[in-house]
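Number of protein chains: 2
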Amino acid sequence: MDVFEAIAEPSRREVLDLLAERERPAGELVEHLHRLTQPAVSRHLRILREVGLVDVRPEGQKRIYTLRANRLLEIETWISRYRKYWPRHLDALESHLSNNHEEPTR
Amino acid sequence: MDVFEAIAEPSRREVLDLLAERERPAGELVEHLHRLTQPAVSRHLRILREVGLVDVRPEGQKRIYTLRANRLLEIETWISRYRKYWPRHLDALESHLSNNHEEPTR
DNA sequence: TCGATATATCACTTGATCTGTATATACGCT
DNA sequence: AGCGTATATACAGATCAAGTGATATATCGA
Chain A
3 MDVFEAIAEP SRREVLDLLA ERERPAGELV EHLHRLTQPA VSRHLRILRE VGLVDVRPEG
63 QKRIYTLRAN RLLEIETWIS RYRKYWPRHL DALESHLSNN HEEPTR
Chain B
3 MDVFEAIAEP SRREVLDLLA ERERPAGELV EHLHRLTQPA VSRHLRILRE VGLVDVRPEG
63 QKRIYTLRAN RLLEIETWIS RYRKYWPRHL DALESHLSNN HEEPTR
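Protein chains in written order, with the numbering used here: chain A, 3 to 108; chain B, 3 to 108.
Here's what the structure looks like:
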């Protein structure tokens with residue numbers, strides 16, 4: 003499984019979105035993805051771990067998951083070659099987003 | 003099948019890469035993806051058509067495929083929220099790529 | 001109209017992915 | 001040690017995606 007396949011799954015994107023806000027224990031992720039059972043979420047987490055999109059750190063009996071967003075650069079790199087085909091005003095939007103450097107909460 | 007799943011397949015990304023250079027008839031794509039049979043490529047093209055990543059236009063007995071890169075904005079939009087987590091010098095690279103507006107060959 | 005070329009679709013098989021239930025592992029507390 | 005909580009793994013079933021070979025459809029040229 004590679005990064006492209008990993009993010010093809012909507013639930014896994016949701017996990018990443020949740021971890022983008024802040025690190026979270028597995029249980030908290032299970033709560034948010036209420037349509038899935040705990041083992042299902044655990045399996046998604048394993049996949050995200052295997053492709054390097056998240057890190058885990060034990061904390062007591064919990065496991066804290068953190069985002070490793072730089073693995074998404076593989077996708078960003080691939081997609082960047084297509085930017086020149088997009089309407090120009092969208093490049094402006096991008097540039098804006100790209101320059102919006104809020105510090106990650108830590 | 004959505005755009006995320008569509009680009010999760012390496013052969014389909016290869017098709018898009020080929021079409022990013024220039025529009026091509028289906029047969030030319032089959033030649034390049036020599037590891038696949040003609041029906042397999044045809045199936046990938048159908049999927050890319052269905053998610054709107056390519057357009058087709060008949061020309062004689064051939065079918066000319068063209069890229070519709072703006073469908074990739076769905077991915078770009080999703081991924082853009084993660085940019086702030088990347089090392090800053092990479093934002094510079096991006097910005098460079100983003101400003102590198104060569105006209106598509108047409 | 002016939003044959004060749006170009007492409008799409010059908011039928012089928014294989015393998016992978018996703019899910020749930022049940023169970024195991026690990027840690028913390030008393 | 002024993003119990004409760006937190007998380008991971010095993011197993012089985014359903015679904016789905018991707019590939020091939022065979023065939024259908026469409027267009028061109030003689």
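Glycine is no exception: its CB is placed at the ideal position from the N, C-alpha and C atoms.
List, in chain order, every chain B residue whose beta-carbon is nearer than 9 Å to that of residue i.
{"i": "L20 (chain A)", "result": "By Cβ distance, chain B contributes nothing, its closest Cβ being about 12 Å from L20 (chain A), past 9 Å."}
{"i": "L69 (chain A)", "result": "Y84, Y87"}
Closer than 7 Å by beta-carbon distance: list the chain B residues that pair up with residue i, in chain order.
{"i": "I81 (chain A)", "result": "L74, I77, E78"}
Give the secondary structure of residue i by DSSP, where H, G and I count as helix, E and B as strand, and everything else as coil.
{"i": "R26 (chain A)", "result": "strand"}
{"i": "E7 (chain A)", "result": "helix"}
{"i": "H36 (chain B)", "result": "coil"}
{"i": "R108 (chain A)", "result": "Note that R108 (chain A) scores 33 on pLDDT, short of 50, meaning its location in the model is unreliable and no value can be drawn from it."}
{"i": "N101 (chain B)", "result": "Because N101 (chain B) carries a pLDDT of 49, less than 50, the predicted location of this residue cannot be relied on, and no value is offered for it."}
{"i": "V1 (chain B)", "result": "Nothing can be reported for residue 1 (chain B): it is not among the residues displayed for chain B, which extend from 3 to 108."}
Along chain A, in chain order, which residues have C-beta atoms closer than 7 Å to that of residue i?
{"i": "I9 (chain B)", "result": "F6"}
Would residue i and residue j be called neighbours here (beta carbons separated by less than 8 Å)?
{"i": "V53 (chain B)", "j": "V17 (chain B)", "result": "no"}
{"i": "R26 (chain A)", "j": "Y67 (chain A)", "result": "yes"}
{"i": "R14 (chain A)", "j": "A8 (chain A)", "result": "yes"}
{"i": "A28 (chain B)", "j": "R59 (chain B)", "result": "no"}
{"i": "E74 (chain B)", "j": "I81 (chain A)", "result": "Rather than Glu, the amino acid found at residue 74 (chain B) in this sequence is Leu. For L74 (chain B) and I81 (chain A), yes; Cβs fall inside 8 Å."}
{"i": "Y84 (chain A)", "j": "A71 (chain B)", "result": "yes"}
{"i": "L50 (chain B)", "j": "V43 (chain B)", "result": "no"}
{"i": "H36 (chain A)", "j": "L20 (chain A)", "result": "no"}
Starting from residue i, find everything on chain B with Cβ-Cβ shorter than 8 Å and list it in chain order.
{"i": "R15 (chain A)", "result": "F6, W80"}
Just to check, is the beta-carbon of residue i closer than 7 Å to a non-hydrogen atom of the ligand NAP?
{"i": "P12 (chain A)", "result": "This structure lacks the ligand NAP; in fact it carries no ligand of any kind."}
### Message
Quick check for students: name the residue ranges of the alpha helix (DSSP H) that lie wholly in the region 55-95 of chain B, counting only runs of 4 or more.
### Response
Runs of the alpha helix (DSSP H) inside the region 55-95 of chain B: 75-82.
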